[in-house]
Amino acid sequence: MANVPKKACPANYAWSCFELSGEGFSVKVLRNVNSVVKKMQARFETRRHLKFIQNHATELRHLPVGADRYKVALHFPDEMANAYQIRQWYEPLLALAEFVPVVIIVRSPDTALSLRKECPLPIHFAPGVQDVERFMRSQDLRVVFYVNQNIRNFQIMRFNAPNHVFICHGESEKAYMWSNQLKAYDYVFSAGEAARDRLVNHLRNFDASLRCRLIGRPQIDVDYASPVDLNKELPTLLYAPTWEGDRPSMNYGSVLSHGEQLIDALIKDGGFNVIFRPHPRSGLGAKPYGQGVERIRKQLRAHNETSAAQFIFDDSTHWGWQWSAADLCVTDISAVAYDFLATGKPMFVTQPVSTEATVDESPALQQVPALTVAAATEISRLAREALAGSNPQLRGLVNYYFGDVSPGASMQRFIAETLALVQEDSVTDH
5 MANVPKKACP ANYAWSCFEL SGEGFSVKVL RNVNSVVKKM QARFETRRHL
55 KFIQNHATEL RHLPVGADRY KVALHFPDEM ANAYQIRQWY EPLLALAEFV
105 PVVIIVRSPD TALSLRKECP LPIHFAPGVQ DVERFMRSQD LRVVFYVNQN
155 IRNFQIMRFN APNHVFICHG ESEKAYMWSN QLKAYDYVFS AGEAARDRLV
205 NHLRNFDASL RCRLIGRPQI DVDYASPVDL NKELPTLLYA PTWEGDRPSM
255 NYGSVLSHGE QLIDALIKDG GFNVIFRPHP RSGLGAKPYG QGVERIRKQL
305 RAHNETSAAQ FIFDDSTHWG WQWSAADLCV TDISAVAYDF LATGKPMFVT
355 QPVSTEATVD ESPALQQVPA LTVAAATEIS RLAREALAGS NPQLRGLVNY
405 YFGDVSPGAS MQRFIAETLA LVQEDSVTDH
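Numbering of the sequence shown is given in this note's numbering, commencing with residue 5 and proceeding in unit increments.
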């Protein structure tokens with residue numbers, strides 16, 4: 005087929021002036037058609053879910069009255085691909101709900117119906133701005149939590165009455181943790197002094213001493229049941245890499261650089277149970293990264309039946325049971341590193357290969373052993389040495405990042421700080 009000059013294509017031509025030539029044209033048309041079909045399917049599913057909510061899940065639009073009105077909410081406007089960000093807060097919010105009414109506000113019908121099945125807390129579906137308005141005006145909200153920086157947060161944050169509190173979805177040294185967006189919130193709930201110092205060092209015109217409240221990591225005070233059986237005669241290593249990120253500065257993922265050779269070395273050694281837990285978003289930003297995850301999954305499955313060690317591909321929805329199941333951890337610059345740090349067990353943090361990744365000179369990254377690409381094949385030896393040794397500086401590091409980690413201490417701080425905000429005099433939105 006002859007090429008069509010670009011000037012012959014109308015500006016609004018549906019296929020954006022594709023080069024009409026042979027195979028390239030066919031591929032572009034196919035991609036365009038697939039995109040249109042996916043959008044149509046998504047719209048159909050949305051209409052179907054909205055109808056189901058209207059007819060069969062009316063509790064998702066329920067507005068309590070009187071003393072039952074909600075006082076604390078968590079706003080989650082995302083799709084289920086990001087549900088890992090909210091799941092870790094189920095148990096702390098349940099503990100808080102023993103003192104004040106708590107609700108999860110969602111904006112997507114698919115998310116509403118999915119969380120309706122799995123979340124132990126009340127879900128309120130508020131798809132549009134008018135729905136948000138009706139909900140906010142009818143309830144006695146004193147605190148609204150946010151786990152990410154979704155732009156739709158601002159549809160809630162325009163209301164003056166509640167305290168707007170950023171709680172994030174884990175402690176880490178990612179540049180995300182000192183984003184200038186934090187200034188939009190009344191308070192930031194952080195784990196420990198390390199987080200407060202991080203904000204002092206990186207965030208201008210932000211009074212961290214006033215607006216940063218320290219709560220520890222309440223998730224460590226939850227007893228999580230393990231869904232897997234491991235060989236108790238062998239130590240267990242958790243490899244939990246982060247995803248590839250959505251920008252060069254956030255490219256901390258190690259699956260392609262470290263992961264495949266690390267897993268291969270552990271399988272050949274046979275002396276460790278392995279739990280491989282990739283980030284739920286792995287491959288969404290770069291297809292080869294997701295393909296690397298799939299290769300590791302197949303490798304673990306191929307050797308699991310013939311080895312005394314257990315090789316587990318962990319895609320379970322809940323994060324927490326892995327901390328007690330594992331004896332040591334290999335992870336990236338991510339929230340996983342700080343969750344596992346609180347256990348006091350040995351850990352390695354991979355050294356990013358991307359020169360564009362933002363790496364902060366934090367105490368944790370200076371004191372926790374780094375795992376280079378060259379050392380990935382030596383992981384079995386390094387792991388045994390770590391298990392046999394001790395790190396006397398670790399206790400001080402844990403205290404700096406989390407404060408008191410004795411049983412129940414973090415959960416108590418989270419509840420106490422929240423209730424202190426609940427009990428403040430409310431302002432009006434007139």
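Even for Gly, the Cβ is constructed at its ideal location relative to N, Cα and C.
In angstroms, rounded to a whole number, what distance separates the CA positions of residue i and residue j?
i      : j      : result
ALA380 : PRO252 : 23 angstroms
MET5   : SER30  : With a pLDDT of only 43 at MET5, under the threshold of 50, the placement of this residue in the model should not be trusted, and no figure is reported.
VAL435 : PRO81  : Residue 435 lies beyond the residue range present for the chain, which begins at 5 and ends at 434; the question has no answer from this structure.
ALA15  : LYS43  : Residue confidence is low: ALA15 scores 46 on pLDDT, short of 50, so the model does not pin down where it sits. Its coordinate-derived value is still stated next. Answer to the nearest angstrom: the Cα atoms are 22 angstroms apart.
TRP19  : VAL33  : Bear in mind that the predicted position of TRP19 carries a pLDDT of just 43, short of 50, making it unreliable; the figure below should be weighed with that in mind. Going from the Cα of TRP19 to the Cα of VAL33 covers about 8 angstroms.
SER258 : LEU67  : 46 angstroms
GLN89  : HIS173 : 5 angstroms
SER118 : LEU64  : 12 angstroms
TYR74  : ARG217 : 22 angstroms
GLU248 : THR354 : 13 angstroms
ILE3   : GLN223 : Because the chain is modelled from 5 through 434, residue 3 falls outside the range shown and cannot be assessed.
THR310 : GLU382 : 23 angstroms
ALA420 : ILE279 : 35 angstroms
LYS10  : SER39  : Low local confidence applies: a pLDDT of 46 at LYS10 is under 50, so the model's placement there is unreliable, with the coordinate-based value given in what follows. LYS10 and SER39: Cα-Cα distance of roughly 23 angstroms.
ASP233 : SER414 : 29 angstroms
TYR17  : VAL41  : Because the pLDDT of TYR17 is 43, which lies under 50, any placement of that residue in the model is unreliable, and the number read from its coordinates should be weighed accordingly. Spanning the two alpha carbons is a distance of roughly 18 angstroms.
ALA71  : VAL372 : 49 angstroms
GLU177 : ASP364 : 7 angstroms
LEU398 : GLU389 : 16 angstroms
ALA99  : HIS283 : 27 angstroms
ASP429 : TRP325 : 39 angstroms
PHE276 : ASP190 : 46 angstroms
PHE22  : VAL37  : Confidence is the limiting factor: at PHE22 the pLDDT is only 46, short of 50, which leaves the residue's position unreliable, though a coordinate-based value still follows. Computed Cα separation, rounded: 13 angstroms.
MET161 : VAL133 : 12 angstroms
VAL104 : VAL76  : 7 angstroms
ALA188 : ASN157 : 10 angstroms
LEU423 : ALA101 : 11 angstroms
VAL169 : ALA179 : 19 angstroms
ALA1   : ILE219 : This structure cannot speak to residue 1, because the chain is shown only from 5 to 434.
GLN427 : ARG221 : 23 angstroms
VAL110 : ASN395 : 44 angstroms
SER384 : ALA392 : 12 angstroms
ALA358 : SER328 : Inspection of the sequence shows that residue 358 is occupied by Ser rather than by Ala. Whole-angstrom Cα-Cα distance: 32 angstroms.
PRO245 : GLY263 : 8 angstroms
ARG200 : ARG47  : 43 angstroms
ASP408 : LEU369 : 21 angstroms
ASN7   : TRP323 : Only weak support exists for where ASN7 lies, its pLDDT of 48 falling under 50; the coordinates are left without a value.
The beta strand (DSSP E) that contains residue i, what's its start and end?
i     : result
HIS79 : 76-80
Have a look at the DSSP bridge pairing and note the partners of residue i.
i      : result
ILE109 : HIS79 and HIS128
CYS216 : VAL192
LEU241 : VAL278 and LEU332
LEU375 : THR354
VAL169 : PHE149 and TYR191
Taking the continuous alpha helix (DSSP H) assigned at residue i, which residues delimit it?
i      : result
ILE337 : It is not in any alpha helix (DSSP H) - ILE337 carries neither H nor E in the DSSP assignment.
ALA420 : 413-426
VAL133 : 133-142
ILE316 : Unbroken run through ILE316 is the beta strand (DSSP E), 315-317; no alpha helix (DSSP H).
PHE158 : 158-161
ALA199 : 197-206
TYR180 : Looking at the DSSP string, TYR180 is not in any alpha helix (DSSP H), and its letter there is neither H nor E.
PHE406 : 398-406
GLY296 : 291-308
SER286 : Here SER286 belongs to no alpha helix (DSSP H), and DSSP marks it neither H nor E.
ARG388 : 383-392
MET273 : Inspection of the sequence shows that residue 273 is occupied by Asp rather than by Met. Run containing ASP273: 264-273, per the alpha helix (DSSP H) assignment.
PRO96  : 94-100
Since residue i contacts residue j with CB under 8 angstroms, what's their CB separation in whole angstroms?
i      : j      : result
HIS79  : VAL148 : 6 angstroms
ALA238 : ALA306 : It is worth fixing the name first, because residue 238 is Leu in this sequence and not Ala. Wrong, their Cβ atoms sit about 19 angstroms apart, outside the cutoff.
PRO367 : TYR342 : Actually they are not in contact, since the Cβ atoms of PRO367 and TYR342 sit about 12 angstroms apart, beyond 8 angstroms.
VAL226 : GLU95  : 4 angstroms
ARG281 : ASP318 : 4 angstroms
ASN255 : PRO166 : Not quite, the Cβ-Cβ distance comes to about 36 angstroms (not below 8 angstroms), so this is no contact.
ASP114 : GLU49  : 7 angstroms
LEU242 : PRO292 : Actually they are not in contact, since the Cβ atoms of LEU242 and PRO292 sit about 24 angstroms apart, beyond 8 angstroms.
LEU375 : PHE352 : 4 angstroms
ARG51  : THR321 : Actually they are not in contact, since the Cβ atoms of ARG51 and THR321 sit about 27 angstroms apart, beyond 8 angstroms.
Under a CB-based cut-off of 8 angstroms, is residue i close to chain C?
i     : result
ILE57 : Checking the listed chains, one finds no chain C in this structure; it contains a single protein chain.
Closer than 7 angstroms: is that where the CB of residue i sits relative to any heavy atom of the ligand GTP?
i      : result
PHE276 : Within the structure as shown, the ligand GTP is missing, as the structure has no ligands at all.
- Inter-stretch contact at 8 angstroms, needing at least 3 Cβ pairs: the stretch 172-187 / the stretch 198-213: Three or more Cβ pairs closer than 8 angstroms define a contact, and the stretch 172-187 meets that threshold against the stretch 198-213.
- the stretch 287-297 in contact with the stretch 319-336 per 3-pair CB rule at 8 angstroms: With the cut-off at 8 angstroms, the stretch 287-297 and the stretch 319-336 do not touch.
- Message: So, does the stretch 111-130 touch the stretch 55-62, judging by three or more C-beta pairs under 8 angstroms?
- Response: Flag = yes, the stretch 111-130 and the stretch 55-62 touch.
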